[in-house]
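According to the working numbering, numbering within the sequence shown proceeds without interruption in unit steps and concludes at 500. Quick reminder that beta carbons are idealized off the backbone N, C-alpha and C, glycines included. A short worksheet on the structure shown next.
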Amino acid sequence: MPDLPTPKDAAEAALFSECWDAVLSYADLCTAGAAAATQLATEAFALGMREVRAAETSSARSSGRRSPRLPVIPLLLTAVRTTAAAWETGGQGHDLDPDLRLWLNSDKADRYTGPPLQRPIALRGLRDLQEPDAALLWLAEVEALPRPVVARRLGLDPALVGDELAQVRVLFRDRCHRNHLDTPMDAQCRSYARLLDAITRSPAADIPPDLSRHLATCVDCAEAAACLRPQGGGLPAALAGGVIGWGGLAYLERRRRAAEVRLGAGRPDPADGEGGEPKTGTDRARVIRGGLLVAAVMVSLLALAASMMPFGGSGNDDAVAGDAPTDSSPVAAPRPSLPSATSSPKSASPTPAPSATSHKPGGDKNSDPEPQGTSSTTAGSAPDPGKSESATCEVAYDVVSQWTDGFQATVSVTTADALDTWRVAWSFRDGQKVGQMWDASVAQNGSRVTATAADYNKAVPADGTITFGFLGSWQGKNTSPYDFTLNGQSCTKS
Numbered sequence: 007m008p009d010l011p012t013p014k015d016a017a018e019a020a021l022f023s024e025c026w027d028a029v030l031s032y033a034d035l036c037t038a039g040a041a042a043a044t045q046l047a048t049e050a051f052a053l054g055m056r057e058v059r060a061a062e063t064s065s066a067r068s069s070g071r072r073s074p075r076l077p078v079i080p081l082l083l084t085a086v087r088t089t090a091a092a093w094e095t096g097g098q099g100h101d102l103d104p105d106l107r108l109w110l111n112s113d114k115a116d117r118y119t120g121p122p123l124q125r126p127i128a129l130r131g132l133r134d135l136q137e138p139d140a141a142l143l144w145l146a147e148v149e150a151l152p153r154p155v156v157a158r159r160l161g162l163d164p165a166l167v168g169d170e171l172a173q174v175r176v177l178f179r180d181r182c183h184r185n186h187l188d189t190p191m192d193a194q195c196r197s198y199a200r201l202l203d204a205i206t207r208s209p210a211a212d213i214p215p216d217l218s219r220h221l222a223t224c225v226d227c228a229e230a231a232a233c234l235r236p237q238g239g240g241l242p243a244a245l246a247g248g249v250i251g252w253g254g255l256a257y258l259e260r261r262r263r264a265a266e267v268r269l270g271a272g273r274p275d276p277a278d279g280e281g282g283e284p285k286t287g288t289d290r291a292r293v294i295r296g297g298l299l300v301a302a303v304m305v306s307l308l309a310l311a312a313s314m315m316p317f318g319g320s321g322n323d324d325a326v327a328g329d330a331p332t333d334s335s336p337v338a339a340p341r342p343s344l345p346s347a348t349s350s351p352k353s354a355s356p357t358p359a360p361s362a363t364s365h366k367p368g369g370d371k372n373s374d375p376e377p378q379g380t381s382s383t384t385a386g387s388a389p390d391p392g393k394s395e396s397a398t399c400e401v402a403y404d405v406v407s408q409w410t411d412g413f414q415a416t417v418s419v420t421t422a423d424a425l426d427t428w429r430v431a432w433s434f435r436d437g438q439k440v441g442q443m444w445d446a447s448v449a450q451n452g453s454r455v456t457a458t459a460a461d462y463n464k465a466v467p468a469d470g471t472i473t474f475g476f477l478g479s480w481q482g483k484n485t486s487p488y489d490f491t492l493n494g495q496s497c498t499k500s
């Protein structure tokens with residue numbers, strides 16, 4: 007395993023520290039264990055930084071127009087994907103996530119390395135921006151950093167970063183529109199190109215039913231619609247999926263949660279006019295009409311996710327797919343800090359958060375589900391044969407969202423006693439299966455599910471709360487589980 011490159015100066019050392027967490031987070035999604043994640047991240051980081059330095063040297067020597075290049079973080083993330091492909095080719099694929107291996111050996115992976123005009127529109131649009139503009143868009147939309155933090159990293163005026171971001175969104179839209187027209191299209195897609203451009207430019211415009219049907223079935227046009235309407239809420243998912251490829255949406259969820267946990271903030275504040283209640287009847291009508299387009303685009307992302315998400319399964323045959331993740335989408339906790347750049351990772355490597363599949367045979371931690379809907383239920387709504395009157399813990403089970411054959415849920419357990427580690431178990435009534443889980447590792451035996459603490463959240467104080475979430479599949483019924491226990495002791499339901 008190669009050493010991390012040595013920073014050339016203090017600025018590059020700071021850049022290393024900022025980027026390592028993102029690289030390790032994606033590498034953890036791509037691998038089957040913590041040690042493999044650290045190795046993959048280290049090799050990819052070294053590869054990506056060589057590319058960054060080579061590009062900087064080339065730009066310094068050239069007096070002409072710079073060659074298109076991704077900003078540093080997405081460039082390093084694509085280096086993770088490239089390194090994973092090299093592992094698969096070189097016989098080290100057993101260390102990768104099984105679903106990623108399937109993706110790497112499919113024509114879906116070819117889309118990111120094939121002819122430039124057939125690559126994802128978001129990838130081409132981001133590369134076409136000036137690098138400072140592309141970095142601003144990525145940090146704000148995908149890394150979900152608050153605007154003051156983005157301004158500090160990029161040396162911008164915090165008071166003006168909102169206006170800068172709005173202008174960059176417009177520039178990105180224009181680049182994507184040009185790239186959409188340059189993309190080889192069949193006659194039907196070509197016939198909708200101008201209409202799609204007009205509709206996405208005017209949120210107040212009515213959406214023809216035939217365009218809605220087309221967006222629901224055409225992956226390429228759905229992807230273009232998400233990029234052409236940057237204020238519609240689908241831009242972060244379009245960027246993450248279009249630039250990273252496999253695992254892009256799961257990475258997006260992780261970074262949102264990491265920003266909340268580490269910085270005490272979620273998504274950047276909306277620019278003026280982007281959020282809040284419509285103040286006039288005209289505004290409300292515009293929002294409603296614009297929402298119809300968003301709905302059509304989000305429905306079409308079912309097909310888009312199918313082209314970008316991990317597929318197949320290892321123990322759970324119920325595929326889960328849906329719309330772009332919302333601000334409440336789950337993400338893994340923050341990653342450890344960057345190791346010393348002058349030392350070998352073998353002796354001083356960071357300890358990444360544990361891989362969700364390292365403790366669960368057949369788990370599916372890396373799928374890119376995008377649940378839709380806003381229904382929420384609480385576990386206490388049904389009789390529970392597992393309740394205990396003398397329990398020292400209390401559990402709340404909430405279905406965050408549910409769709410045709412899948413759902414997203416959170417579990418919160420409050421313990422009266424301090425814990426050094428924890429294990430929460432429950433039973434499903436209707437044959438539900440757990441796929442991806444965050445903030446815990448999962449094992450399922452029939453209807454019985456066991457969630458085990460991650461390394462970073464084992465210790466819980468007295469009267470503290472354990473919280474984790476998961477994505478699952480269901481058929482027929484999706485009633486609340488029962489018989490919750492904490493370290494073998496029964497819990498009551500709230």
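**Message:** Please identify the residue among G475, A91, N463, K464 whose C-alpha is closest to the C-alpha of V455.
**Reply:** For the residues G475, A91, N463, K464, the minimum Cα distance to V455 belongs to G475.
**Item:** Separation of L108 from T416, as counted between CA atoms
**Value:** 29 Å
**Message:** Can you check which of these residues, L35, L135, T485, E94, is closest to L110 by C-alpha distance?
**Reply:** E94
**Request:** Please check the pair D436 and T485, which I expect to be a contact at CB under 8 Å, by giving their CB distance rounded to whole angstroms.
**Result:** That belief holds up - the Cβ atoms of D436 and T485 are roughly 6 Å apart, short of 8 Å.
**Message:** Can you give me the C-alpha to C-alpha distance between P345 and Y462, rounded to a whole angstrom?
**Reply:** Its pLDDT being 43, under 50, P345 is placed unreliably in this model, and the coordinates cannot settle the point.
**Rounded separation between C195 and T223 - CA only** = 11 Å
**Check whether A246 and C233 have beta carbons under 8 Å apart** = no
**Request:** Find out if the Cβ-Cβ distance for the pair P126, E229 is shorter than 8 Å.
**Result:** yes
**Request:** Check the DSSP bridge columns for M443 and list the partner residues they point to.
**Result:** DSSP, once it has assigned bridges, lists F476 as partnering M443.
**Prompt:** What separation, rounded to the nearest whole angstrom, lies between the Cα atoms of R429 and M443?
**Reply:** 14 Å
**Prompt:** In this structure, does DSSP put F490 in helix, strand or coil?
**Reply:** F490: strand per DSSP, three-state reduction.
**Asked** From P13 to D113, what distance separates their C-alpha atoms?
**Response** 37 Å
**Message:** I'd like the ranges of any alpha helix (DSSP H) spanning at least 4 consecutive residues and lying wholly in the stretch 84 to 124.
**Reply:** 104 to 110, 113 to 116
**Message:** Determine whether the beta carbon atoms of L76 and L35 lie at a separation below 8 Å.
**Reply:** no
**Asked** Unbroken alpha helix (DSSP H) runs of length 4 or more, entirely within the stretch 211 to 271: which are they?
**Response** 215 to 223, 225 to 234, 241 to 250, 254 to 269
**Asked** By how many angstroms is the C-alpha of D411 removed from the C-alpha of Q450?
**Response** 18 Å
**Item:** D414 - partner residues in DSSP beta bridges
**Value:** It is Gln, not Asp, that sits at residue 414 in the sequence shown. According to DSSP, Q414 bridges with S407, L477.
**Asked** In whole angstroms, what is the alpha-carbon distance linking D469 and E400?
**Response** Spanning the alpha carbons of D469 and E400 requires a straight line of approximately 10 Å.
**Message:** Relative to the C-alpha of W480, which candidate in D134, H186, D489, F413 has its C-alpha closest?
**Reply:** F413
**Short Cβ contact (8 Å threshold) for P164 with P154** = yes
**Request:** Spatial neighbours of L162 within its chain, please: CB distance less than 8 Å, with the 5 preceding and 5 following residues excluded, ordered by chain position.
**Result:** L142, V156, E170
**Asked** Looking only at its own chain, which residues have a Cβ that is under 7 Å from the Cβ of F51, when we skip the five neighbours before and after it?
**Response** L10, W26, V29, L82
**Item:** Cβ separation of V448 and A457, assumed to be a contact under 8 Å, to the nearest whole Å
**Value:** 5 Å
**Prompt:** With C-beta atoms as the reference, is V522 less than 8 Å away from A128?
**Reply:** This structure cannot settle anything about residue 522, because the visible part of the chain is limited to 7 through 500.
**Asked** Which first and last residues belong to the alpha helix (DSSP H) in which R175 is found?
**Response** 167 to 188
**Request:** Give me the Cβ distance between S418 and S433, rounded to the nearest whole Å; I'm assuming they're in contact under 8 Å.
**Result:** No, S418 and S433 are not in contact; Cβ-Cβ is about 18 Å, not under 8 Å.
**Item:** Cβ distance (whole Å) where L217 is taken to contact L201 below 8 Å
**Value:** 6 Å
**Request:** Confirm, please, whether the CB-CB distance from A42 to D101 is below 8 Å.
**Result:** yes
**Prompt:** Got a sec, what are the start and stop residues for the beta strand (DSSP E) W432 sits in?
**Reply:** 429 to 433
**Request:** For A6, name the three-state secondary structure that DSSP assigns.
**Result:** Residue coverage of the chain in this structure runs from 7 to 500, which leaves residue 6 outside it and unanswerable.
**Request:** Given a cut-off of 8 Å, decide if S496 and A402 are closer than it, judged by their beta-carbon atoms.
**Result:** No.
**Prompt:** E18 to L53, Cα distance in whole Å?
**Reply:** 15 Å
**Prompt:** If you count every other CB in all the chains shown that lies within 10 Å of the CB of R59, and 16 or more means buried, which is it?
**Reply:** exposed
**Message:** According to DSSP, simplified to helix, strand and coil, what is V148?
**Reply:** Judged by DSSP in its simplified three-state form, V148 adopts coil rather than helix or strand.
**Request:** On the DSSP bridge assignment, give the partners of R454 in chain order.
**Result:** S433, N451
**Request:** Enumerate in chain order the residues of its own chain whose CB-to-CB distance from K483 is below 7 Å, with the five nearest sequence positions on each side excluded.
**Result:** D436
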